[in-house]
Amino acid sequence: MPMETLKTISPRQIEEQEMQLLQAMQTSDIALLDQLIHPQLQFTTPTGQVVTKTMDLENYRSGSMTIAAMSPSDQKIQIIGQDAIVTVKIDMEGEFLGQAFKGAFRFTRFWKLVDNQWQVVGGSSVQINA
């Protein structure tokens, strides 16, 4: 029985997905967010709340989450088989549930190749001192 050939994954592919995700977040592009986020997403926010894909999309759709500015830096990408782990610092400014926020956050995201489409399956974020 022939072995299935695994697709070679480069950090550049993940960088491109991250750029698309950040753009979709900043513009509240629900269609693109829907493509980039796995249906079984589990994401822990800085307050400790675990957010699902449905919850995340609704926050953007309803306007509960708006991002005025994002500036990523210090990005690290680790490829493990057909998966990737990203850590990145993002200086952000926006509004969540009517409350303005501004600060530096460290995000960890887990990307998985599902049916030839990269999707975020999990992650977390914490506020850090800039």
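Taking the working numbering, the leading residue of the sequence shown gets 954, the next gets one more, and so forth.
All C-beta atoms in this analysis are idealised placements derived from N, C-alpha and C, irrespective of residue type, glycine included.
Taking 7 Å as the cut-off, the Cβ atoms of Gln1080 and Pro999 count as close. Here the region 960-972 makes no contact with the region 1011-1022; the two share fewer than three CB pairs at distances below 8 Å. Cβ contact annotation for Ile1038 (same chain, cutoff 8 Å, sequence separation greater than five): Ile1030, Gln1031, Thr1061, Arg1062, Phe1063, Trp1064, in chain order.
Following the DSSP letters along the chain, one finds Gln976 in no beta strand (DSSP E) but inside the alpha helix (DSSP H) bounded by residues 964-980. Thr997 sits in a strand when the DSSP states are folded into three classes. Counting every other CB atom within 10 Å of its CB across the protein chains shown gives Gln1072 a total of 16 or more, marking it as buried. Nearest to Asp987 by C-alpha distance, out of Met1045, Thr1007, Leu1050, Gly1051, is Thr1007. For the region 992-1045, the continuous alpha helix (DSSP H) assignments of 4+ residues that do not extend past its boundaries occur at 1006-1015, in sequence order.
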